[in-house]
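Peer 1: Position 3 of the sequence shown, counted from 1, bears residue number 3 in the working numbering, the numbering being contiguous throughout.
All C-beta atoms in this analysis are idealised placements derived from N, C-alpha and C, irrespective of residue type, glycine included.
Predicted model only: the values in this text are computed from it and were never measured.
Take a look at the following structure, please.
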Amino acid sequence: MTDDVLAEQVDYYRRRATEYDATAYGDLAVARPRIARLVAEMRPAGRVLELACGTGLWTEALAAYADSLTAVDSAPEALAIARERVTAANVTFLVADIFTWTPESRFDFIFFSAWLSHVPPDRFGPFWDSLRPMLADGGRVLFLDEHVDEQGKESYVHDGVVERRLTDGSTFRVVKHFLEPAELTARLRGLGWECTIRRDGDDWVLGEARPTP
Ligand SMILES: C[S@@+](CC[C@H](N)C(=O)[O-])C[C@H]1O[C@@H](n2cnc3c(N)ncnc32)[C@H](O)[C@@H]1O
1 MTDDVLAEQV
11 DYYRRRATEY
21 DATAYGDLAV
31 ARPRIARLVA
41 EMRPAGRVLE
51 LACGTGLWTE
61 ALAAYADSLT
71 AVDSAPEALA
81 IARERVTAAN
91 VTFLVADIFT
101 WTPESRFDFI
111 FFSAWLSHVP
121 PDRFGPFWDS
131 LRPMLADGGR
141 VLFLDEHVDE
151 QGKESYVHDG
161 VVERRLTDGS
171 TFRVVKHFLE
181 PAELTARLRG
191 LGWECTIRRD
201 GDDWVLGEAR
211 PTP
């Protein structure tokens with residue numbers, strides 16, 4: 001079941017790529033300054049990894065701070081948009097599946113936006129375990145996602161699985177677990193991560209995690 005839904009999720013974002021910015025962010029003149037502000041507040045530096053970079057709206061902001069930035073996503077169609085958007089020489093885009101990809105080097109700063117909510121419960125622990133060896137000493141993981149208060153906008157077909165519709169009418173099952181900060185903090189602590197999570201507006205939450213010493 002999970003593997004089927006995860007494959008459908010990958011397919012969904014490939015097909016959604018050209019409509020993603022408009023349907024996910026609405027007015028980019030509003031979204032871009034918010035993204036730029038949040039990235040500045042995160043203080044990214046050094047060797048940066050962005051997982052599930054999508055069309056590159058966060059990549060664009062991260063690139064200004066990174067010595068090097070590796071941006072990974074499973075959708076070549078989204079990366080094509082990201083490559084046009086972000087032409088900075090310090091950025092490398094890679095098509096890969098986050099659940100199986102292993103980087104060749106370590107990173108000072110790992111970031112993902114709107115990804116954690118798409119990780120199913122049975123992959124949650126293994127996903128966080130996979131991040132640990134990717135982090136350099138003193139490294140940090142930052143993540144941005146939607147607060148649980150936003151879940152009413154989704155159409156749930158099973159616990160943690162929603163149905164999404166593209167503008168052509170096609171439908172896809174997607175994993176979606178909105179973030180509840182206290183619950184997530186406790187869960188990450190149980191996996192060996194110290195985490196602080198704060199809200200930004202009513203819709204987004206921003207978390208910072210470090211391996212427990
Ligand atoms: C909600 S979008 C977020 C895009 C971008 N981070 C943002 O916030 O605008 C989720 C992204 O995860 C990517 N994705 C889905 N499954 C993936 C997988 N198994 N490996 C890598 N990327 C995946 C999709 O292609 C999509 O670009």
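Go ahead and label alanine 24 buried or exposed: buried means 16 or more other beta carbons lie within 10 angstroms of its beta carbon, across all protein chains shown.
Peer 2: It is exposed - the Cβ of alanine 24 has fewer than 16 other Cβ atoms within 10 Å.
Peer 1: Kindly indicate the opening and closing residues of the alpha helix (DSSP H) around tyrosine 65.
Peer 2: First-last for tyrosine 65: undefined, no H or E at that position.
Peer 1: Can you list, in chain order, the residues of its chain with a C-beta nearer than 6 Å to that of aspartate 97? Leave out the 5 residues immediately preceding and following it.
Peer 2: For aspartate 97, where only same-chain residues beyond five positions count, the Cβ hits under 6 Å are Ser74.
Peer 1: May I have a chain-ordered list of the beta strand (DSSP E) segments no shorter than 3 residues that lie completely inside the segment 179-210?
Peer 2: The qualifying runs are 193-200.
Peer 1: Answer yes if the segment 50-62 comes into contact with the segment 80-95, meaning at least three C-beta pairs across the two stretches below 8 Å, and no otherwise.
Peer 2: Result yes; three or more Cβ-Cβ pairs closer than 8 Å.
Peer 1: Alpha carbon to alpha carbon, how far is aspartate 168 from glycine 207? Give it in angstroms, no decimals.
Peer 2: Their Cα atoms are separated by approximately 35 Å.
Peer 1: In whole angstroms, what is the alpha-carbon distance linking arginine 15 and lysine 153?
Peer 2: The straight-line gap from Cα to Cα measures roughly 21 Å.
Peer 1: So does glycine 54 have its beta carbon nearer than 7 Å to some heavy atom of ligand 1?
Peer 2: Yes, since a heavy atom of ligand 1 falls inside the 7 Å radius drawn around the Cβ of glycine 54.
Peer 1: What does a CB cutoff of less than 6 Å around phenylalanine 112 pick up in its chain, not counting 5 residues either side in sequence?
Peer 2: These residues qualify, in order along the chain: Leu51, Ala52 and Phe143.
Peer 1: Provide the residue span of the alpha helix (DSSP H) that contains serine 113, from first to last.
Peer 2: Note, serine 113: premise wrong, no alpha helix (DSSP H); beta strand (DSSP E) at 107-113.
Peer 1: Quick check: the Cα distance between threonine 70 and tryptophan 101, rounded to an integer number of angstroms?
Peer 2: Rounded to the nearest angstrom, the two C-alpha atoms are 13 Å apart.
Peer 1: From the DSSP output, which residues share a beta bridge with leucine 94?
Peer 2: Partner(s): Val72.
Peer 1: When DSSP labels each residue in this structure, what does alanine 136 get in the three-state scheme?
Peer 2: Residue state, collapsed to three classes: strand.
Peer 1: Please name the residue or residues paired with valine 175 in a DSSP beta bridge.
Peer 2: Val161.
Peer 1: Give me the Cβ distance between proline 121 and glycine 160, rounded to the nearest whole Å; I'm assuming they're in contact under 8 Å.
Peer 2: Right, the Cβ-Cβ distance comes to about 7 Å (below 8 Å), so this counts as a contact.
Peer 1: Tell me whether proline 44 is buried or exposed, calling it buried when 16 or more other Cβ atoms sit within 10 Å of its Cβ.
Peer 2: When all chains shown are included, proline 44 counts as buried.
Peer 1: Report the option in Val175, Val174 and Val148 whose CA atom is closest to the CA atom of aspartate 203.
Peer 2: The candidate whose alpha carbon is nearest that of aspartate 203 is Val148.
Peer 1: Please classify phenylalanine 99: does DSSP put it in a helix, a strand, or coil?
Peer 2: Coil.
Peer 1: Along the chain, where does the alpha helix (DSSP H) containing threonine 8 start, and where does it finish?
Peer 2: According to the sequence shown, residue 8 is glutamate rather than threonine. Glutamate 8 -> alpha helix (DSSP H) spans 2-25.
Peer 1: Going by beta carbon distance, what residues of the same chain come within less than 8 Å of aspartate 129, once the five residues before and after it are set aside?
Peer 2: Answer for aspartate 129: Leu191, listed in chain order.
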